[in-house]
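Residues in the sequence shown are numbered from 322 upward in steps of one, following this note's numbering. Please read the structure below before turning to the comments.
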Amino acid sequence: MSKLLKLITFDCTETLMMFHPPVAQKYTESAEKFGISIGTEDLLSHFRVQFKALSKNHPNFGRHTGLGWKSWWGQIVVNTFKSANPSIKNHKALEQLASFLIEEYQTNRCWALADGACDILDMLKQKNISIGAISNTDERLENTLMSLKIHSYFDFVLTSYSAGVMKPDKQIFDLARSQINGHVSPGLCAHVGNSLKFDYLGAQNAGWNPIYVGPVDDEVLRMAASNTVFNNLAELHSYLEKVLPGIDENDDTALIK
322 MSKLLKLITF DCTETLMMFH PPVAQKYTES AEKFGISIGT EDLLSHFRVQ FKALSKNHPN
382 FGRHTGLGWK SWWGQIVVNT FKSANPSIKN HKALEQLASF LIEEYQTNRC WALADGACDI
442 LDMLKQKNIS IGAISNTDER LENTLMSLKI HSYFDFVLTS YSAGVMKPDK QIFDLARSQI
502 NGHVSPGLCA HVGNSLKFDY LGAQNAGWNP IYVGPVDDEV LRMAASNTVF NNLAELHSYL
562 EKVLPGIDEN DDTALIK
């Protein structure tokens with residue numbers, strides 16, 4: 322990993338911010354408001370099936386198929402509940418539930434900051450390093466970050482929906498570099514995320530410094546360099562605080578390896 326960085330970007334979902342309460346619990350509790358009763362046991366598995374299917378037919382939240390992200394998520398909610406309980410007949414209530422959840426998931430009623438999130442963002446700001454967000458999600462992310470009171474840390478927020486391309490595609494990382502003033506070479510950029518495929522390998526293939534934060538399994542140990550793997554943000558914070566100097570934003574010094 323480079324010890325001289327000008328830009329560090331973060332994945333958001335399950336890297337900087339965590340589902341809170343868990344998705345199945347939030348869906349179940351919200352459904353009760355609309356007279357829909359359902360158990361939480363299998364709801365998450367049904368959600369994942371629907372998410373995978375709709376992602377295949379309408380990639381990037383329907384960005385290029387004409388569906389659009391609101392209708393995309395509406396279908397996810399309705400289809401999740403219908404598949405979990407085919408006896409649900411009140412389609413109007415399901416549509417109302419979907420609209421409710423779409424709004425809820427841009428607030429801090431559905432999210433909590435990961436431990437150490439503010440601390441690492443504070444430290445990077447103090448070191449004069451530009452901070453960005455690159456996330457495979459829709460346009461609600463800006464509101465979510467504001468609700469969590471961390472939006473002000475970011476020099477830019479780039480969603481796959483607004484970019485028209487998803488991680489791990491190199492294009493979204495190239496686009497991220499263009500969001501800050503002045504030319505920044507890929508080698509002076511790092512991306513932090515919890516997905517080996519979308520975050521780590523995506524950043525690596527774009528010529529960036531990849532950083533993995535999350536559960537460490539055999540695949541992670543096999544694919545990622547040991548000094549780029551961290552169990553949590555606190556570990557990464559400690560490492561970066563030691564190795565990254567404060568830098569002059571006009572300094573274009575070559576990489577220090």
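Using N, Cα and C, we set each Cβ at its ideal position, and we do this for glycine too. The model shown is predicted, which means the values in this text are computed figures rather than measured ones.
Exposed unless 16 or more other CB atoms sit within 10 angstroms - verdict on LEU442 = Here residue 442 corresponds to residue number 121 of the sequence shown, with the count starting at 1. Flag for LEU442 reads buried.
In or out: SER481 buried (at least 16 other Cβ within 10 Å) or exposed?
-> Here residue 481 refers to the residue found at position 160 when the sequence shown is read from its first residue. Result: buried.
Between GLY485 and the rest of its own chain, which residues show a CB-CB distance below 8 Å, the 5 nearest in sequence each way excluded?
-> Position 164 of the sequence shown, counted from the first residue, corresponds to residue 485. Correct list, in chain order: ASN381, ARG384 and HIS385.
Skipping 5 residues on each side, what residues in its chain have a beta carbon closer than 6 Å to that of SER468?
-> In the sequence shown, the residue the question calls residue 468 occupies position 147. Closer than 6 Å at the Cβ level, and outside the excluded window around SER468, lie THR428 and ASN429.
Which of helix, strand or coil DSSP assigns to SER451 | Start at 1 with the first residue of the sequence shown, and residue 451 comes out as number 130. Strand.
List the DSSP bridge partners of PHE340.
-> Translated into the one-based positions of the sequence shown, residue 340 becomes position 19. Paired residues: TRP432.
Going by the beta-carbon positions, is the gap between ILE532 and LYS488 smaller than 8 Å?
-> Within the sequence shown, numbered from 1, the residue matching residue 532 stands at position 211. Within the sequence shown, numbered from 1, the residue matching residue 488 stands at position 167. No, Cβ-Cβ distance for ILE532 and LYS488 is not below 8 Å.
With a Cβ-Cβ cutoff of 8 Å, do PHE494 and GLY523 count as a contact?
-> Indexing the sequence shown from 1 puts residue 494 at position 173. Indexing the sequence shown from 1 puts residue 523 at position 202. Going by C-beta atoms, PHE494 is nearer than 8 Å to GLY523.
What is the DSSP secondary structure of PRO507, reduced to helix, strand or coil?
-> Here residue 507 corresponds to residue number 186 of the sequence shown, with the count starting at 1. Helix at PRO507.
Ranges of the alpha helix (DSSP H) found wholly within the stretch 518 to 568, counting only runs of at least 4 = 523 to 526, 539 to 544 and 554 to 564
Simplified DSSP state of SER473, which is helix, strand or coil = Mapped onto the sequence shown, residue 473 falls at position 152. Looking at SER473 - three-state DSSP - the assignment turns out to be helix.
Contact check, THR336 vs ASN515 under 8 Å by CB: the rounded distance?
-> Counting from one through the sequence shown, the residue named residue 336 turns up at place 15. Counting from one through the sequence shown, the residue named residue 515 turns up at place 194. Right, the Cβ-Cβ distance comes to about 5 Å (below 8 Å), so this counts as a contact.
With DSSP run on the structure shown, which of helix, strand or coil describes SER408?
-> One-based indexing of the sequence shown puts residue 408 at position 87. If DSSP states are grouped into helix, strand and coil, SER408 belongs with coil.
Cβ separation of LEU479 and GLY453, assumed to be a contact under 8 Å, to the nearest whole Å = Looking up residue 479 in the sequence shown gives position 158. Looking up residue 453 in the sequence shown gives position 132. That pair is a contact at about 6 Å.
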